[in-house]
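Undergrad: Here the protein sequences line up with chains D and G, keeping their order.
The first sequence lines up with residues 2 to 244 when you count with the working numbering.
The second sequence lines up with residues 65 to 436 when you count with the working numbering.
Every residue gets a Cβ at the ideal spot worked out from N, C-alpha and C, and that includes glycine.
Dumping the structure here so I can ask a few things about it.
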Amino acid sequence: MTARRRGALRSGVLTRKEILRRLRRRVKKATSLVITPRPKDEDFDRDSVDLRLGSYFFVPRAHRAPCFVPGLTSARYLYSEQYVPLGSYLVLPAHHTVLGATREYLKLPSDVSGEILTKSSWARTFITIETAPWIHPLYRGCLTLEIANVSNTPVVIYPGVKIAQLILIATTQDTAAGERDTLDGTYIGPVRPEPASLETPQAALRSLGVEPAEMSYPFDEYMSHKECRDHVISTFRDQGFQV
Amino acid sequence: MQGWEVLHTFIKPVADANALKVPYPFIHFLSDYIGGLDAVREARIVIELVPELNYLQHRHTRLKDTMRFLRTIVTREQSPEPRRGFLGLPCSQSKSLFMNCLLFHEAGHFIAEEAHLFSRKELDQLTAELCPQFGPYASWAGRTVLIWMEELFADLVAVRLIGPAYSFAYLELLRLVSDLNPKGVRAFDPDHPADTLRFREQLKVLQDDKWRGHIKAAHWADLARMAKTKEEDYTPPREGEEEDPDMQKVWRELMRVLCQKKRMRKVQALARKYVKGRGSPRQDYLKSASVVRECLEHGIVPSVTPTGGKPVHPIAIINGAIFFWLDGMTSLYSKFEKKSVRKNRVEDRAKVEQRVELWSIKAIEDWLASRE
Chain D
2 MTARRRGALR
12 SGVLTRKEIL
22 RRLRRRVKKA
32 TSLVITPRPK
42 DEDFDRDSVD
52 LRLGSYFFVP
62 RAHRAPCFVP
72 GLTSARYLYS
82 EQYVPLGSYL
92 VLPAHHTVLG
102 ATREYLKLPS
112 DVSGEILTKS
122 SWARTFITIE
132 TAPWIHPLYR
142 GCLTLEIANV
152 SNTPVVIYPG
162 VKIAQLILIA
172 TTQDTAAGER
182 DTLDGTYIGP
192 VRPEPASLET
202 PQAALRSLGV
212 EPAEMSYPFD
222 EYMSHKECRD
232 HVISTFRDQG
242 FQV
Chain G
65 MQGWEVLHTF
75 IKPVADANAL
85 KVPYPFIHFL
95 SDYIGGLDAV
105 REARIVIELV
115 PELNYLQHRH
125 TRLKDTMRFL
135 RTIVTREQSP
145 EPRRGFLGLP
155 CSQSKSLFMN
165 CLLFHEAGHF
175 IAEEAHLFSR
185 KELDQLTAEL
195 CPQFGPYASW
205 AGRTVLIWME
215 ELFADLVAVR
225 LIGPAYSFAY
235 LELLRLVSDL
245 NPKGVRAFDP
255 DHPADTLRFR
265 EQLKVLQDDK
275 WRGHIKAAHW
285 ADLARMAKTK
295 EEDYTPPREG
305 EEEDPDMQKV
315 WRELMRVLCQ
325 KKRMRKVQAL
335 ARKYVKGRGS
345 PRQDYLKSAS
355 VVRECLEHGI
365 VPSVTPTGGK
375 PVHPIAIING
385 AIFFWLDGMT
395 SLYSKFEKKS
405 VRKNRVEDRA
415 KVEQRVELWS
425 IKAIEDWLAS
435 RE
């Protein structure tokens, strides 16, 4: 017996045949792949699967606080939710962004990572859909898409269109082909876009051994004395933000 | 000016219920499912968010006139008004699935109104029947009994359409608003028969449809306990703090009239008749029960068809998800890494329970899309 277990995959991109084989496995197996609703036959390429745009969107809106501080101000105030049924559309103005999600709900096998890419035809219209494309083994959920129209023209997007390509990559043997099926709690199986859940800067600093009392806050440079600064912080707090 | 007033009264609540503020795929399914019944063929459902924790149905006969009036203002069209059922959904339940199964009861009222059940003709017959006992109050007595009969009818339509999911949603609502107070559930009020009587009739349908073998004994016992009250233990409506003994006698007599076997049989038969054409929800449930459970246990949207077979039907999704929520959550909690979700933390439990509802709503959405 070599270091590689019999039947285990070599590291590499999964082919159509292997993807279909994984899709046939019972969902309770850690090595099963789930894509639901199941893509049509023509959506499978030799080494990728096309994914479609879902109906839920988070449309950015003007923020009521003076600025957004990641990890301190709640990201949910950045968006308003929108449901666009199949057959309807959303206009994405030039140089604007929107959070969307794939129509398909995924569960990756324990020994497979994934990457999501903009379909090349969409990329040529200057639409990009993903800035955090990596998907970990055992991830489950609809994939949140950070859709950006970087062109100079408004673009109409219809839920249901093929917008993304999913590439699946078998990891090396030691990433647990027989690992127990577990769920992670940061984004538990999302079915629509979800606002960012970010670590606070204080926690990040603490982990580096820096005392958060040393932190500076936005507008510090405009405020010469402590009272002003406390006023800004209490205003944030009054609005329900964690400062 | 009058037009603006009407617009604000009726359009605003409906506009508020738009988009993500309602479980859209579930409402879409409800609308299609109800619209397939002969009595309300091709009707559409309009949802309004209401501030009270109460589901309701607007009598649409009056609303139809209002809609016609609005159309003449907005579009200048005089075409006949299409069928519309106007249902109210509590704003606190705007993203829920399980509790919103109660909308099927309101849809039952809509069917009763469209089919002219419990209408003038029925009232005249009942008034004549009750005249010897109630004299000049026979018309009021008849109207009250018909109101109670319609409530029972709406319950039975709901159970016949979606199965035990309705009864469990109803039980959950009672738990929420009254903690199943034993006195409260036995009490009639002028608009509703006692909850225990309503459960008794629902249980008959579930037994007829052979659900018992598919519901865990403990949950079946919950329903059976609710249905167990004897007729003589039902308590009449109370008006104010003082109990007027004469009025109590009148109410008791009315309750007896309602509980007569012939009347119960009639309500059961009407419910059976008006959902005819829809197959048994149990059959739909059985086709995919194991798939739904296995998916939810593993944190997956229950629309998976590994062999490319037929998509899971919403009735199977709704009932399977409710059964899972009642007795399967522990297996789901065990899948979470300990640091991320702790099952003894209320907010974590609420988050996971909400996920089960969202996964189920997504599966209904997938079913709708596969059909289109």
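#1: Is any beta-carbon of chain D found at less than 7 Å from that of G/Leu318?
#2: I'd like to check one pair, D/Ser56 with D/Pro160: are the Cβ atoms closer than 7 Å?
#3: Report all residues from its chain with a CB closer than 6 Å to the CB of D/Leu118; omit the five preceding and five following residues, and keep chain order.
#4: Closer than 7 Å by C-beta to G/Pro89: which residues in its own chain qualify, once you throw out the five before and the five after it? Chain order, please.
#5: What residues of chain D sit near G/His362, judged by a beta carbon separation below 7 Å?
#6: Taking the alpha-carbon of D/Gln203 as reference, which of D/Arg62, D/Arg53, D/Gly72 and D/Val35 has the nearest alpha-carbon?
#7: When burial is assigned at 16 or more other CB atoms within 10 Å of the CB, is G/Val138 buried or exposed?
#8: Between which residues of its own chain and G/Leu187 is the CB-CB distance below 8 Å, once the five residues before and five after are set aside?
#9: In chain order, what residues of the same chain have a beta carbon less than 6 Å from the beta carbon of G/Tyr230, not counting five sequence neighbours either side?
#10: For the segment 21–53 of chain D, which residues have a CB atom closer than 8 Å to at least one CB atom of chain G, in sequence order?
#11: Residues in its own chain within less than 7 Å of G/Ala103 by CB, not counting five upstream and five downstream?
#12: For G/Ser95, which three-state DSSP category applies?
#13: Based on the DSSP output, what are the partners of D/Thr183 in its beta bridges?
#14: Helix, strand or coil for D/Ala178, going by three-state DSSP, please let me know.
#15: Compute the Euclidean distance between the alpha carbons of G/Lys407 and D/Pro213, then round it to the nearest angstrom.
#16: What does G/Val416 reach in chain D if we use C-beta pairs closer than 8 Å?
#17: Tell me, to the nearest whole angstrom, how far the beta carbon of G/Phe150 is from that of G/Leu181; I am working on the premise that it is less than 8 Å.
#18: Taking the alpha carbon of D/Val192 as the reference point, which residue from D/Asp44, D/Leu107, D/Thr132 and D/Asp182 has its own alpha carbon closest?
#19: Please state if the CB of D/Val156 and the CB of D/Asn150 are separated by a distance shorter than 7 Å.
#20: With a CB to CB cut of under 7 Å and the five nearest residues on each side skipped, what residues in its chain are close to D/Tyr84?
#21: Whose Cβ in chain D lies nearer than 7 Å to the Cβ of G/Ala433?
#22: Considering only the beta carbon of each residue, do D/Val50 and D/Pro38 sit closer than 7 Å?
#23: Short check: CB of G/Glu296 to CB of G/Pro257, under 7 Å?
#24: Using the rule of at least 16 other Cβ atoms within 10 Å of the residue's Cβ for burial, across every protein chain shown, is D/Ala178 buried or exposed?
#25: With 16 as the cutoff for other CB atoms within 10 Å, does G/His122 come out buried or exposed?
#26: For D/Thr236, count the other beta carbons within 10 Å of its own beta carbon; 16 or more makes it buried, fewer makes it exposed. Which is it?
#27: Three-state secondary structure (DSSP) at D/Pro191?
#28: Evaluate contact between the segment 336–356 of chain G and the segment 13–27 of chain D, counting only Cβ atoms and requiring at least three cross-stretch pairs below 8 Å.
#29: Return the first residue and the last residue of the beta strand (DSSP E) that G/Gly363 is part of.
#30: D/Arg324: which of D/Arg27, D/Val70, D/Thr98 and D/Val28 sits nearest, CA to CA?
#31: List, in order along the chain, the chain D residues whose C-beta lies closer than 7 Å to that of G/Cys359?
#32: Using a Cβ-Cβ cutoff of less than 8 Å, which residues in the same chain neighbour G/Ala288 once the five nearest sequence positions on both sides are dropped?
#33: Rounded to the nearest angstrom, what separates D/Ile148 and G/Arg276 at their Cα positions?
TA: So, from the listed chains and residues:
#1: no
#2: yes
#3: Gln166
#4: Cβ neighbours of G/Pro89 beyond the five flanking positions: Ile425, Ile428, Glu429 and Leu432.
#5: Val28, Lys29 and Asp182
#6: D/Gly72
#7: exposed
#8: Ser203, Gly206, Arg207 and Leu210
#9: Cys165, Phe168, Ala222 and Val223
#10: Leu24, Arg25, Arg26, Arg27, Val28, Lys29, Val35, Thr37, Pro38 and Arg39
#11: Correct list, in chain order: Ile175, Glu178, Ala179 and Tyr338.
#12: helix
#13: Looking at the DSSP output, D/Thr183 bridges to nothing.
#14: Unreliable placement is indicated for D/Ala178, whose pLDDT of 47 sits below 50; the coordinate value is still reported in the next sentence. Correct three-state label for D/Ala178: coil.
#15: 31 Å
#16: Ile189
#17: Not a contact, Cβ separation roughly 18 Å.
#18: The residue with the shortest Cα to Cα distance from D/Val192 is D/Leu107.
#19: yes
#20: Ser56 and Tyr57
#21: Pro38 and Leu87
#22: If you check the CB distance, D/Val50 and D/Pro38 do not come in under 7 Å.
#23: no
#24: With a pLDDT of 47 at D/Ala178, under the threshold of 50, the predicted position of this residue should be treated as unreliable, and no value is reported.
#25: buried
#26: With fewer than 16 other CB atoms across the displayed protein chains lying within 10 angstroms of its CB, D/Thr236 is exposed.
#27: coil
#28: no
#29: Per DSSP, G/Gly363 belongs to no beta strand (DSSP E) and is neither H nor E.
#30: Outside the displayed range of chain D (2 to 244) lies residue 324 of chain D, so it cannot be described from this structure.
#31: Simply Val28.
#32: Leu267
#33: 49 Å
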